[in-house]
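Trainee: So that you can map any letter, position 76 of the sequence shown is 61 in our numbering, and since no number is skipped, the others follow by simple counting. Heads up, the beta-carbon is just placed ideally off N, CA and C, and yes, glycines get one too. Just so you know, these numbers come straight off a predicted model, no measurement behind them. Let me begin by handing over the structure; questions about it come next.
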Amino acid sequence: LSDFLNQASLQGDAWWYLWLAQEGYGSTVHGPQLPAFPPLFSLLIKVVHWLVPTWAMAGLLVSHVALFAALLYLFALARLEADQPTALRATTAALLWPAAPFLGGVYPQSLLLLTITAALYHTRRKEWRIAAGWACLAGLTHEFGLLLVIPLAIAGYRHFLLHNHDEGTRPWRVIAPVLAAPVGFATFLGVVTVQTGSPLAYFHAHTALGATSWRGLLGLRTLLDLPQVLANTTPALRGYIPGQPFPNIQIPAAIDLLILLVATAAGCWLLRRQPAYGAFLLATVVVSGLAYGLPASGLHLLAAAPLYLVLGHWTRWPVVGYLVASLGLALVALTLFLQVNGL
């Protein structure tokens, strides 16, 4: 069991974060890819490693503590929007999302979910300074944290329109959270520039990561190459590697496309009810699909907290809830299989 969990937790980008914690951006041991990864997750691993014997254990501890805090914030956010049973279902949906195993591995997704959910929660409560702090941390965790600009800008604009005559409301109070995530990400770029000596190190690192990075060409043709799909040639879909353990590469592609479609439907459903949440979720879908391609769509959507609010509402009927839970467990099992096999 310990070997299984170790293989599931230390795959893919997990090693880059561990190497970054040990060596910093100036390292030349592991090539030019390290500057592609923002520092907060690795920094916390480095701090926790002072207390635990191994780097992997430090990474797992950071992930699980962040996950616990993220679930508490998610429950509190859902509780602001709905009743307690819906909040419980929303929290459960996060643990049954197809890519949920990444929340417990040495990946920054649990930390990103925490920072994004906390920023949305404090924005919802009009606690702008606290929201700005969490948004800044999100920008230091992952480039997806930059998408917080959208819901925070919408929420701030709506609040200012309603309270522009309130003596206690000043424009800077709602502008600060909007700028916080870009400031955090800009700080990361500054650190990379200082340690590597190149202001373009982040972009060069993404180029070195290969075809699945956001530096690949954008557009629907790179997301889904229909002529090659119809001809059944591989790799038909950008980001999938020939030789995967599937008789047809379109099997995992269909799963990833289904995940994007579910998230798109949830974003459209939210757009009329909570415009800030809906716009954020749809932006996450667009960036995940067009910039990264189909592979790992579930992973890129893990930190989209509004998605779980919708799933908590949609599963209020028992039959639907059981069906969604069963499908979620099956896809979680598939994700574990792929992780253990290094995919």
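What is the DSSP secondary structure of Lys31, reduced to helix, strand or coil?
Mentor: helix
Trainee: Quick one: measure Cβ to Cβ for Leu62 and Arg109, integer angstroms, because I've assumed they're closer than 8 Å.
Mentor: 7 Å
Trainee: Does the beta-carbon distance from His191 to Ala21 come in below 8 Å?
Mentor: yes
Trainee: How is the alpha helix (DSSP H) around Thr108 delimited, first residue to last?
Mentor: Gln94 to Arg109
Trainee: Let me make sure I understand the geometry here. Which of Ala171, Leu56, Leu65 and Leu164 has the alpha-carbon closest to that of Pro23?
Mentor: The shortest Cα separation from Pro23 among Ala171, Leu56, Leu65 and Leu164 belongs to Ala171.
Trainee: Kindly indicate which three-state DSSP category Leu36 falls into: helix, strand or coil?
Mentor: coil
Trainee: Which residue marks the beginning of the alpha helix (DSSP H) containing Trp4, and which one marks its end?
Mentor: Ala(-1) to Glu8
Trainee: Quick check on this structure: which residue in Ala84, Leu99 and Glu128 has the alpha carbon closest to the alpha carbon of Leu321?
Mentor: Ala84
Trainee: Does the Cβ of Ser282 have 16 or more other Cβ atoms within 10 Å, making it buried, or fewer, making it exposed?
Mentor: buried
Trainee: Can you tell me which of the three DSSP states Pro24 falls into?
Mentor: coil
Trainee: Whole angstroms are fine: how far does the CA of Ala318 sit from the CA of Gly252?
Mentor: A direct Cα-to-Cα measurement between Gly252 and Ala318 gives close to 26 Å.
Trainee: Need the endpoints of the alpha helix (DSSP H) that Thr192 sits in, please.
Mentor: Element bounds for Thr192: Ala186 to Leu194.
Trainee: With distances taken between CB atoms, is the gap from Leu131 to Gly124 smaller than 8 Å?
Mentor: Taking the C-beta atoms as reference points, Gly124 is found nearer than 8 Å to Leu131.
Trainee: Would you mind stating whether Ala239 and Pro136 have Cβ atoms separated by less than 8 Å?
Mentor: The Cβ-Cβ distance between Ala239 and Pro136 does not fall below 8 Å.
Trainee: Enumerate, from N- to C-terminal direction, the unbroken alpha helix (DSSP H) stretches of 4 or more residues contained entirely within the region 224 to 302.
Mentor: 235 to 258, 260 to 271, 282 to 285 and 290 to 299
Trainee: May I have the straight-line CA-CA distance separating Glu8 from Lys31, to the nearest angstrom?
Mentor: The straight-line gap from Cα to Cα measures roughly 10 Å.
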